[in-house]
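**Student:** Chains as they are written, first to last, in numbering that gives the first Met the number 0: chain A, 0 to 197; chain B, 0 to 249.
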Amino acid sequence: MIGLIDYGAGNLNSLLKALKYLGFPAQLISSPPATKNFDRLIIPGVGSFASALDELKRREILPFLTEWLEAGKPLLGICLGLQLLSHGSQEAPGIEGLACFPGSCERLKAPKVPHIGWNEVEVIKEDPIFDGFPEKSHFYFVHSFALTEVSPLTLAITDYGLIFSSVIKKGRVYGCQFHPEKSGPIGLKFLKNWVEKC
Amino acid sequence: MLTLRIIPCLDMDEGFVVKGRRFRDLKRVGDPVSLARRYYLEGADEIVFLDVGATVKSRRIMIEVVEKISAEIFIPLTAGGGIKTVEDIRSLLLAGADKVSLCTAAVENPSLIAEASSRFGSQCVVISIDAARAKNSWHVFTHGGQVDTGLEAIEWAKTAEKLGAGEILLNSIDQDGMGTGYDLELLRRIGEAVKIPVIASGGGGELGHIYDAVILGRADAVLLASAFHFGTLTIPQVKEFLRTKGVNVR
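(1) If you reduce the DSSP assignment to three classes, tell me which class Ala11(B) lands in.
(2) Could you tell me whether the stretch 109-129 of chain A touches the stretch 137-151 of chain A, using the rule of 3 or more Cβ pairs below 8 Å?
(3) Between the alpha carbons of Lys191(A) and Tyr20(A), how many angstroms are there, rounded?
(4) At what residues does the alpha helix (DSSP H) containing Leu18(A) begin and finish?
(5) Grouping DSSP H, G and I as helix and E and B as strand, with all else coil, what is His114(A)?
(6) If Glu13(B) sits next to Lys56(B), beta carbons under 8 Å apart, how far is it from one beta carbon to the other, in whole angstroms?
(7) Taking only beta carbons into account, state which residues of the stretch 73-104 of chain B come closer than 9 Å to chain A, listed in chain order.
(8) Can you confirm whether Gly7(A), when its beta carbon is compared against all beta carbons of chain B, has any partner nearer than 8 Å?
(9) Using three-state DSSP, classify Tyr159(A) as helix, strand or coil.
(10) Going by DSSP, what residue range makes up the alpha helix (DSSP H) through Asn192(A)?
(11) Count the other C-beta atoms from every protein chain shown that fall within 10 angstroms of the C-beta of Thr157(A), then say buried if there are 16 or more, exposed otherwise.
(12) Can you say whether Ala33(A) is buried or exposed, counting buried as having 16 or more other CB atoms within 10 angstroms of its CB?
(13) Thinking Gly203(B) and Ile195(B) are a contact (beta carbons under 8 Å), I'd like their distance in whole angstroms, please.
(14) Taking Glu180(A) as part of the alpha helix (DSSP H), name the residues at either end of that continuous run.
(15) Have a look at Glu54(A), Ile1(A), Tyr159(A), Ser29(A) and flag the residue whose alpha-carbon is nearest the alpha-carbon of Ile41(A).
(16) Flag this pair as yes or no: are the beta carbons of Gln82(A) and Arg106(A) separated by less than 8 Å?
(17) For Val16(B), which residues from the same chain have a beta carbon less than 8 Å from its beta carbon, with the 5 sequence-adjacent residues on both sides left out?
(18) When DSSP builds the beta bridges, which residues end up paired with Val166(A)?
(19) Give every residue of the same chain whose Cβ lies closer than 7 Å to the Cβ of Ser29(A), excluding the five residues on either side of it in the sequence, and list them in chain order.
(20) With a threshold of 8 Å between beta-carbons, can Ile195(B) be considered close to chain A, or not?
(21) Rounded to the nearest angstrom, what separates Leu185(B) and Ala192(B) at their Cα positions?
(22) Determine, using beta carbons only, whether Met61(B) comes closer than 8 Å to chain A.
(23) Any idea if Ser267(B) is buried or exposed, counting beta-carbon neighbours within 10 angstroms, 16 or more meaning buried?
(24) Taking the DSSP output, what are the residues bridged to Trp272(B)?
(25) Counting contacts by CB-CB distance shorter than 8 Å, is Glu166(B) in contact with chain A?
(26) Which residues in chain A have a C-beta closer than 9 Å to the C-beta of Glu2(B)? List them in chain order.
(27) Quick check: what's the CA-CA separation for Ile211(B) versus Ser127(B)?
(28) Short of 6 Å in beta carbon distance, which residues of its chain neighbour Ile185(A), apart from the five on each side in sequence? Order them along the chain.
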């Protein structure tokens with residue numbers, strides 16, 4: 000069972016629908032879960048950095064999440080979910096993120112922000128999550144902040160005014176800045192690879 | 000680099016896709032689910048659904064269609080037509096839409112833009128501007144192109160951006176369904192006035208029109224209805240053409 004962390008902001012429907020379409024059972028986690036039936040977690044991404052963290056605290060999900068990360072269990076952070084896994088964000092100065100990925104997030108520097116649309120994701124480090132992918136593919140992005148630090152953990156990069164980590168991995172924790180659930184067949188493949196191979 | 004988005008638009012009335020000219024003479028052209036499925040497989044970057052029926056029944060069917068389509072089509076979906084309240088927006092988002100498009104209600108009640116963008120995020124608020132030439136400027140029309148509000152289109156675009164709109168869907172009433180090209184001047188003027196993406200709509204009938212909308216009109220996305228529904232153009236053909244012209248597409 001995949002657990003979807005629900006911090007009250009985003010529309011989690013499309014992600015649920017994509018997982019259902021792929022045949023993967025998923026369930027929302029809106030309070031500390033009583034069961035241990037989850038083998039994977041997704042932190043989906045819509046909303047703002049500070050309010051997402053506040054809501055995770057208020058709903059008492061944060062300890063469950065840190066414990067999960069410490070145990071090194073499989074997790075995928077999507078969009079804001081990736082950003083929450085970094086050390087912090089310019090969007091919420093002084094607030095510490097979950098600090099799994101190195102660096103913190105900066106506001107994009109481009110004539111048009113937010114970055115909305117399909118952009119190229121260039122794989123710079125092979126990983127099972129890209130099985131069956133060409134070297135460069137397009138995914139759907141909607142965001143104003145990004146993890147601009149490109150570290151040895153970065154698996155793929157994207158350029159929008161500046162280069163940022165669009166896919167990153169530490170142990171079994173992945174983050175992607177795009178929305179795989181809105182990126183057509185290749186986005187579905189990305190989710191499928193994550194569940195089956197990562 | 001960001002790619003140019005090619006967006007098929009399905010105008011719907013009581014569950015059927017319809018299309019007219021200059022917002023009139025609507026004809027039924029097909030079933031929304033099968034058309035959406037076809038466009039998805041052909042590589043559409045997003046799909047827009049607009050309920051032009053504006054009856055209670057038509058709106059209810061629209062929600063059912065969005066629900067059905069979002070269970071099998073995984074690209075951004077925009078729904079609009081007849082939206083009046085934050086609750087209307089919420090029910091479309093819950094049905095599976097990623098964005099909503101506001102037209103008449105936003106003009107009549109601009110605070111709806113602010114309310115919607117603060118509640119759901121500006122990325123999901125698309126302001127649809129139906130504009131027609133009036134001497135040296137363009138006026139905003141509402142109620143499916145029936146009512147001239149006298150409002151300046153460029154000013155309205157700026158106001159909408161300030162209130163929190165995430166994108167502008169710019170329809171030229173003069174060009175709608177004519178297949179003779181987009182209103183390039185209108186496009187460029189609005190594109191220069193705002194920093195949010197502008198989607199060109201109304202008039203696209205040939206490959207050259209789309210190229211002009213991007214290069215001369217500086218559109219971030221182009222919307223096509225008749226040309227795709229009637230098969231004059233296909234999505235792969237448009238993308239291939241743009242690619243050979245050096246425009247970045249998916």
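We put the CB at the ideal spot given by N, CA and C, even for glycine.
**Tutor:** Result, derived from the coordinates:
(1) In the sequence under discussion, the amino acid at residue 11(B) is Met, which differs from the Ala named in the question. In the three-state reduction of the DSSP assignment, Met11(B) falls in the strand class, which pools E and B.
(2) At 8 Å Cβ cutoff, the stretches touch.
(3) Each residue's Cα considered, the two are about 11 Å apart.
(4) 12-21 is the extent of the alpha helix (DSSP H) around Leu18(A).
(5) Three-state result, His114(A): strand.
(6) The beta carbons of Glu13(B) and Lys56(B) sit about 6 Å from each other, so the pair counts as a contact at 8 Å.
(7) Listed by position along the chain: Phe73, Ile74, Pro75, Leu76, Leu92, Leu93, Ala94, Gly95, Ala96, Asp97.
(8) It does not; no Cβ of chain B falls within 8 Å.
(9) In the structure shown, Tyr159(A) sits in a strand (DSSP, three-state: E or B).
(10) DSSP places Asn192(A) inside the alpha helix (DSSP H), whose first and last residues are 183-196.
(11) The residue in question, Thr157(A), is buried, as its Cβ has 16 or more Cβ neighbours within 10 Å.
(12) Looking at its Cβ environment, which holds fewer than 16 other Cβ atoms inside 10 Å, Ala33(A) is exposed.
(13) About 21 Å separates the beta carbons of Gly203(B) and Ile195(B), which is beyond the 8 Å limit, so they are not a contact pair.
(14) Per DSSP, Glu180(A) belongs to no alpha helix (DSSP H) and is neither H nor E.
(15) For Ile41(A), the nearest C-alpha among the options comes from Ile1(A).
(16) Result no, Cβ atoms of Gln82(A) and Arg106(A) do not sit closer than 8 Å.
(17) Counting only Cβ-Cβ distances below 8 Å, and skipping sequence neighbours, we find Leu9, Asp10, Arg27, Val28, Gly29, Asp30, Pro31, Leu34, His228.
(18) Looking at the DSSP assignment, Val166(A) forms a beta bridge with Ala155(A), Cys175(A).
(19) Contacts found: Asp5, Arg58.
(20) Cβ-Cβ to chain A under 8 Å: yes for Ile195(B).
(21) Take the alpha-carbon of Leu185(B) and the one of Ala192(B): they are about 11 Å apart.
(22) Among the residues facing chain A, Met61(B) is not included, as its CB has no counterpart in that chain under 8 Å away.
(23) The structure shown does not extend to residue 267(B), since chain B spans only 0 to 249, so no value can be given for it.
(24) For residue 272(B) there is no data in the structure shown, the boundaries of chain B being 0 and 249.
(25) Yes, because at least one Cβ of chain A sits closer than 8 Å to the Cβ of Glu166(B).
(26) Contrary to the premise, residue 2(B) reads as Thr rather than Glu in this sequence. Correct list: Gly116, Trp117, Asn118, Glu119, His137.
(27) For clarity, residue 211(B) is Asp in the given sequence; the question names Ile instead. Just so you know, the alpha carbons of Asp211(B) and Ser127(B) end up roughly 21 Å apart.
(28) The residues are Ser136.
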